[in-house]
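Peer 1:
Number of protein chains: 2
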Amino acid sequence: MKKHNFNAGPSILPREAIEKSAEAILDFNGIGLSILEISHRSKEFDAVNIEAMALFTELLNIPDGYKVIFLGGGASTQFFTVPYNLLQKKAAYLVTGSWAKKASKEAKFFGEVQIVASSEDKNFTYVPKNFVIPTDADYFHITTNNTIFGTELKKDIDSPVTLVADMSSDIFSRPVDIAKYGLIYGGAQKNLAPAGLTFVIVKEEILGKVDRPIPTMVDYRTHIKNDSMFNTPPVFAIFTALQTLKWLKALGGVGEIQKKNIEKANYLYDAIDESKLFVATVPLEEDRSLMNVCFVMKEEYKELEKDFQTFSSERGMIGIKGHRDVGGFRASLYNALPLESVKALVSCMQEFEAKH
Amino acid sequence: MKKHNFNAGPSILPREAIEKSAEAILDFNGIGLSILEISHRSKEFDAVNIEAMALFTELLNIPDGYKVIFLGGGASTQFFTVPYNLLQKKAAYLVTGSWAKKASKEAKFFGEVQIVASSEDKNFTYVPKNFVIPTDADYFHITTNNTIFGTELKKDIDSPVTLVADMSSDIFSRPVDIAKYGLIYGGAQKNLAPAGLTFVIVKEEILGKVDRPIPTMVDYRTHIKNDSMFNTPPVFAIFTALQTLKWLKALGGVGEIQKKNIEKANYLYDAIDESKLFVATVPLEEDRSLMNVCFVMKEEYKELEKDFQTFSSERGMIGIKGHRDVGGFRASLYNALPLESVKALVSCMQEFEAKH
Numbered sequence: 030m031k032k033h034n035f036n037a038g039p040s041i042l043p044r045e046a047i048e049k050s051a052e053a054i055l056d057f058n059g060i061g062l063s064i065l066e067i068s069h070r071s072k073e074f075d076a077v078n079i080e081a082m083a084l085f086t087e088l089l090n091i092p093d094g095y096k097v098i099f100l101g102g103g104a105s106t107q108f109f110t111v112p113y114n115l116l117q118k119k120a121a122y123l124v125t126g127s128w129a130k131k132a133s134k135e136a137k138f139f140g141e142v143q144i145v146a147s148s149e150d151k152n153f154t155y156v157p158k159n160f161v162i163p164t165d166a167d168y169f170h171i172t173t174n175n176t177i178f179g180t181e182l183k184k185d186i187d188s189p190v191t192l193v194a195d196m197s198s199d200i201f202s203r204p205v206d207i208a209k210y211g212l213i214y215g216g217a218q219k220n221l222a223p224a225g226l227t228f229v230i231v232k233e234e235i236l237g238k239v240d241r242p243i244p245t246m247v248d249y250r251t252h253i254k255n256d257s258m259f260n261t262p263p264v265f266a267i268f269t270a271l272q273t274l275k276w277l278k279a280l281g282g283v284g285e286i287q288k289k290n291i292e293k294a295n296y297l298y299d300a301i302d303e304s305k306l307f308v309a310t311v312p313l314e315e316d317r318s319l320m321n322v323c324f325v326m327k328e329e330y331k332e333l334e335k336d337f338q339t340f341s342s343e344r345g346m347i348g349i350k351g352h353r354d355v356g357g358f359r360a361s362l363y364n365a366l367p368l369e370s371v372k373a374l375v376s377c378m379q380e381f382e383a384k385h
Numbered sequence: 030m031k032k033h034n035f036n037a038g039p040s041i042l043p044r045e046a047i048e049k050s051a052e053a054i055l056d057f058n059g060i061g062l063s064i065l066e067i068s069h070r071s072k073e074f075d076a077v078n079i080e081a082m083a084l085f086t087e088l089l090n091i092p093d094g095y096k097v098i099f100l101g102g103g104a105s106t107q108f109f110t111v112p113y114n115l116l117q118k119k120a121a122y123l124v125t126g127s128w129a130k131k132a133s134k135e136a137k138f139f140g141e142v143q144i145v146a147s148s149e150d151k152n153f154t155y156v157p158k159n160f161v162i163p164t165d166a167d168y169f170h171i172t173t174n175n176t177i178f179g180t181e182l183k184k185d186i187d188s189p190v191t192l193v194a195d196m197s198s199d200i201f202s203r204p205v206d207i208a209k210y211g212l213i214y215g216g217a218q219k220n221l222a223p224a225g226l227t228f229v230i231v232k233e234e235i236l237g238k239v240d241r242p243i244p245t246m247v248d249y250r251t252h253i254k255n256d257s258m259f260n261t262p263p264v265f266a267i268f269t270a271l272q273t274l275k276w277l278k279a280l281g282g283v284g285e286i287q288k289k290n291i292e293k294a295n296y297l298y299d300a301i302d303e304s305k306l307f308v309a310t311v312p313l314e315e316d317r318s319l320m321n322v323c324f325v326m327k328e329e330y331k332e333l334e335k336d337f338q339t340f341s342s343e344r345g346m347i348g349i350k351g352h353r354d355v356g357g358f359r360a361s362l363y364n365a366l367p368l369e370s371v372k373a374l375v376s377c378m379q380e381f382e383a384k385h
């Protein structure tokens, strides 16, 4: 049976990237060694690293003055690394979900934190509007896509202070006006690579402005200076990231993938909105994530949720159980997920509905 | 031509672990999905994580009161994480190489650092003896194997204060009396897994004794509490680590591998000592690393080094160029390297010597 992979992350990657990764594990580039057992300083891996950084820069159209770095670990590490590097007195945070809240908590270790707005009052089912960004903040932090709650800031906002964004779950899903941001970071395990790799896009001029001493590995300048090779990087994850980026380029880049992502998300949201059983947890269309579509059974059909879980799972739907903070269902529609899988899910929902 | 992989790290892994990793990338456990695209919270990966921690504990005979955690990133991150968690007033460091020196530098961000002894006067070609560990230090830090310089502290030392060890390049190469240590850490990319994974073995009672607030991701207790699943761990590297640990267990464990490692290292050191062309950079037998054998051409034959580099490379020897801080050659003989490869290298050296 064909599996449709709606996992929220780690999540579906292009089949091509997966196959090339498996090949490289058995024999990398025909050198008779595995990608897992070669030096990160070998000319073979150096070429991978350089090409990955270049393609990353090209596809996101990153302007001069910015650097891309690849680090080990995940985005959670950036929650404290960002304020370590940037917070002198005060930072402002927009709290749109659990990860945004966690990020704001870590900043408190380093200075004053102002929560500009929060949507926690309604379990993060909307994105706050009309908030005022304090002009005396060292930076303003947003989480562009909220994986758990299915909301997304789909437009690049204007900020009077350095804008910092966690884009773990929507990077490469749409064009981004990088010039509006001072720093963008994210874990790679959604639209890019297996878990264990974090990317940081940083405008160099915002660094070096805080008084505190910064441990070497936490200091972004260390990794910029060394092209992400200060210490051993997560070699294999960078290799896979390169394969994903090549796939994305061949497909036409972020502009093209955005069209596909809109088509996929609309297809599913429309089906939910027309359904008698299901309801989307995020009411406002402009707040709805294109990456993670959250929905539950209407109150009167709540007891059918377990049945639909089983029903859909028997039809090859994987990873659609909602996060415990939301309940119900979540279908993650990352770049590599084909429209075909969304159609399969919708058919499954309709079939289930017809039965009840 | 058969390749002999003497890379210093990332380095040779058991072929079985490599093949199983490639298989799991195409289809993990027959579930129809890649190990790269499943949730770290899936029951399938949970089983991998738990088995890996259990086997890690079993093979190293880790006593009660200790916890094993798997983290993203590399050992360099531990250079500041260790003092963040443990350094209240003063830490003591034994400086036996570049990594040990780097570790001691990061500790200075958090308190006083006393260098108990250093072998930098002779380019780290020996391990200092008869040093006195200050009893007022919060901990004493050692680097058991010095990958760059080819020295190793092969015996577990007695310390009057908490003993902390970076065992990146000799973990699982020999039995270790864990009870003598408070904390052991290391990057996984030598004897365990691909780059991007770090292990920490920590005696729980040494934690929570410093006054400073610790960011969540830096606090070892976060990861202990969550069985290394506070955030998304490096899933694939943990999977490969499990395959390596299974291989090691089937082979008889660390006691058995130690015998093989001694045999391999002796074979190579003996050949170097008997050679007219080559000389080991570490004179004292007890200081010589079983993992990284460093050697150079004798002064009068120095100009032949380049020739031997080419000569050996044409015969399938990979990664034997010495680190720039030492020059000459370095053959890394990690667990997965067969004696056959050492014999091939020695033949190659003898053949070269016969020609000159």
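Residue numbers (the working numbering), protein chains in the order written: chain A, 30 to 385; chain B, 30 to 385. The C-beta atom is built at its ideal place from N, Cα and C for all residues, glycine as well.
At what residue ranges does the region 296–327 of chain B contain a whole run of the beta strand (DSSP E), taking only runs of 3 or more?
Peer 2: Here the runs fully enclosed are 307–309, 321–326.
Peer 1: If the cut is a Cβ gap below 7 Å, which residues of chain B does A:E66 touch?
Peer 2: Counting from 1 along the first sequence, the entry for residue 66 of chain A is found at position 37. Those are N34, N36, P39, S40, I41, L42, listed as they occur along chain B.
Peer 1: So what's B:G284 in DSSP terms, helix, strand or just coil?
Peer 2: Stepping through the second sequence from its first residue, residue 284 of chain B is reached at position 255. Reduced to three states, the DSSP call for B:G284 is helix.
Peer 1: Given a limit of 7 Å on CB to CB distance, which residues of the region 125–142 of chain A reach chain B?
Peer 2: Residues E135, F138.
Peer 1: On the DSSP bridge list, what partners appear for B:M346?
Peer 2: Numbered from its first residue, the second sequence carries residue 346 of chain B at position 317. Bridge partners of B:M346: B:H33.
Peer 1: Mind listing the chain A neighbours of B:S105? Cutoff is C-beta to C-beta under 7 Å, in chain order.
Peer 2: Counted from its first residue, the second sequence places residue 105 of chain B at position 76. Neighbours of B:S105 on chain A, chain order: M246, N260.
Peer 1: Skipping 5 residues on each side, what residues in its chain have a beta carbon closer than 8 Å to that of A:K327?
Peer 2: The count along the first sequence starts at 1 and reaches residue 327 of chain A at position 298. Excluding positions up to five away in sequence, the list reads K305, L306, F307, V308.
Peer 1: Who are B:S361's beta bridge partners in DSSP?
Peer 2: Residue numbering aside, residue 361 of chain B sits at position 332 when the second sequence is read from its first letter. Note: B:S361 sits in a beta bridge opposite B:N321.
Peer 1: Grouping DSSP H, G and I as helix and E and B as strand, with all else coil, what is B:Q143?
Peer 2: As a working mapping, residue 143 of chain B is identified with position 114 in the second sequence. Three-state result, B:Q143: strand.
Peer 1: Taking Cβ-Cβ distances shorter than 7 Å, what residues in chain B pair up with A:Q218?
Peer 2: Your numbering for residue 218 of chain A matches position 189 in the first sequence. Within chain B, the residues near A:Q218 are T261.
Peer 1: Quick check on the burial criterion: 16 or more other C-beta atoms within 10 angstroms. Buried or exposed for B:P262?
Peer 2: By 1-based counting over the second sequence, the position of residue 262 of chain B is 233. Buried, since its Cβ has 16 or more Cβ neighbours within 10 Å.
Peer 1: Quick one: give me the first and last residue of the beta strand (DSSP E) that B:I230 is part of.
Peer 2: Against the second sequence, residue 230 of chain B aligns to sequence position 201. 226–232 is the span of the beta strand (DSSP E), which, as asked, contains B:I230.
Peer 1: Opposite B:H170 in the DSSP bridges: which residues?
Peer 2: Indexing the second sequence from 1 puts residue 170 of chain B at position 141. For B:H170, which the question treats as bridged, DSSP gives the partners B:Y122, B:V193.
Peer 1: Locate the alpha helix (DSSP H) running through B:V77, then write down its first and last residues.
Peer 2: Position 48 of the second sequence, counting from 1, holds the residue named residue 77 of chain B. Run containing B:V77: 72–88, per the alpha helix (DSSP H) assignment.
Peer 1: Taking the C-alpha atoms as reference points, what is the distance between B:Q143 and B:Q107?
Peer 2: Position 114 of the second sequence, counted from the first residue, corresponds to residue 143 of chain B. Position 78 of the second sequence, counted from the first residue, corresponds to residue 107 of chain B. Looking at the two C-alpha atoms, the distance is approximately 18 Å.
Peer 1: If distances are taken between C-alpha atoms only, which option among A:D195, A:S133, A:I253 comes closest to A:G141?
Peer 2: Here residue 141 of chain A refers to the residue found at position 112 when the first sequence is read from its first residue. One detail in the question is off: residue 141 of chain A reads as Glu in this sequence, not Gly. If we check each option's Cα against that of A:E141, A:S133 comes out closest.
Peer 1: Just checking: is the beta-carbon of B:P242 within a distance shorter than 7 Å of some beta-carbon in chain A?
Peer 2: Here residue 242 of chain B refers to the residue found at position 213 of the second sequence. Interface residue, yes.
Peer 1: Quick one: does B:G61 have its CB under 7 Å from some CB of chain A?
Peer 2: Translated into the one-based positions of the second sequence, residue 61 of chain B becomes position 32. Chain A, which has a Cβ nearer than 7 Å to the Cβ of B:G61, makes this yes.
Peer 1: When the cut-off is 7 Å and only beta carbons count, does A:S198 lie next to chain B?
Peer 2: Here the question's residue 198 of chain A lines up with position 169 in the first sequence. For A:S198, the answer is no, since every Cβ of chain B falls outside 7 Å of its Cβ.
Peer 1: Just checking my contact of B:G357 with B:G348 at CB under 8 Å: how many whole Å lie between their CB atoms?
Peer 2: On the second sequence, position 328 is the one that residue 357 of chain B refers to. On the second sequence, position 319 is the one that residue 348 of chain B refers to. No, B:G357 and B:G348 are not in contact; Cβ-Cβ is about 14 Å, not under 8 Å.
Peer 1: Could you name the residues of the region 200–230 of chain A whose beta carbon sits closer than 9 Å to any beta carbon of chain C, in the order they occur along the chain?
Peer 2: In the displayed structure, chain C is absent; the protein chains listed are A and B.
Peer 1: According to DSSP, is B:V156 helix, strand or coil?
Peer 2: Residue mapping note: residue 156 of chain B aligns to position 127 of the second sequence, counting from 1. DSSP places B:V156 in coil when its eight states are reduced to three.
Peer 1: Taking Cβ positions only, does B:S304 come closer than 7 Å to chain A?
Peer 2: Here the question's residue 304 of chain B lines up with position 275 in the second sequence. Not one chain A Cβ lies under 7 Å of B:S304.
Peer 1: Three-state secondary structure (DSSP) at A:K238?
Peer 2: In the first sequence, counting from the first residue as 1, residue 238 of chain A sits at position 209. Here A:K238 sits in coil by DSSP.
Peer 1: For A:L368, report the span of its alpha helix (DSSP H) as first-last.
Peer 2: Position 339 of the first sequence, counted from the first residue, corresponds to residue 368 of chain A. Where A:L368 is concerned, the enclosing alpha helix (DSSP H) stretches over 368–384.
Peer 1: Run through chain B and tell me which residues come within less than 8 Å of A:S50, C-beta to C-beta.
Peer 2: On the first sequence, residue 50 of chain A is found 21 positions in, with the first residue counted as 1. Correct list: I54, L65.
Peer 1: Does any CB atom of chain B fall closer than 7 Å to the CB of A:I47?
Peer 2: Taking the first residue of the first sequence as position 1, residue 47 of chain A is located at position 18. Yes, contact with chain B.
Peer 1: Taking only beta-carbon atoms, is A:F109 less than 7 Å away from chain B?
Peer 2: Here residue 109 of chain A is taken as the residue at index 80 of the first sequence, counted from 1. So yes, A:F109 belongs to the interface.
Peer 1: Alpha carbons only, please: which of B:F109, B:H385, B:F201 is nearest the one belonging to B:E334?
Peer 2: Within the second sequence, residue 334 of chain B is the residue found at index 305, counting from 1. Ranking B:F109, B:H385, B:F201 by Cα distance to B:E334 puts B:H385 first.
Peer 1: Among B:G101, B:E314, B:S198, B:L280, whose alpha-carbon lies nearest the alpha-carbon of B:M320?
Peer 2: Counting from one through the second sequence, the residue named residue 320 of chain B turns up at place 291. Checked all of B:G101, B:E314, B:S198, B:L280; the closest Cα to B:M320 is B:S198.
Peer 1: Is the distance from the Cβ of B:T227 to the Cβ of B:G103 below 7 Å?
Peer 2: As a first step, residue 227 of chain B must be located in the second sequence, where it is residue number 198. As a first step, residue 103 of chain B must be located in the second sequence, where it is residue number 74. Cβ distance < 7 Å, so B:T227 and B:G103 count as in contact.
Peer 1: Could you tell me whether any Cβ in chain B is nearer than 7 Å to the Cβ of A:V264?
Peer 2: Indexing the first sequence from 1 puts residue 264 of chain A at position 235. Output row for A:V264: interface = yes.
Peer 1: Please tell me whether A:G237 has its Cβ less than 7 Å away from any Cβ of chain B.
Peer 2: Taking the first residue of the first sequence as 1, we reach residue 237 of chain A at position 208. Closer than 7 Å: no.
Peer 1: Quick one: which residues of the region 68–99 of chain B get their C-beta closer than 7 Å to a C-beta of chain A? List them in chain order.
Peer 2: Going along the region 68–99 of chain B in chain order, one finds S68, H69 with a Cβ nearer than 7 Å to chain A.
Peer 1: Alpha carbons only, please: which of B:D206, B:L274, B:R317 is nearest the one belonging to B:I291?
Peer 2: Here residue 291 of chain B refers to the residue found at position 262 of the second sequence. That would be B:R317, whose Cα lies nearest to the Cα of B:I291.
Peer 1: Taking Cβ-Cβ distances shorter than 8 Å, what residues in chain B pair up with A:I347?
Peer 2: Residue mapping note: residue 347 of chain A aligns to position 318 of the first sequence, counting from 1. Neighbours of A:I347 on chain B, chain order: L62.
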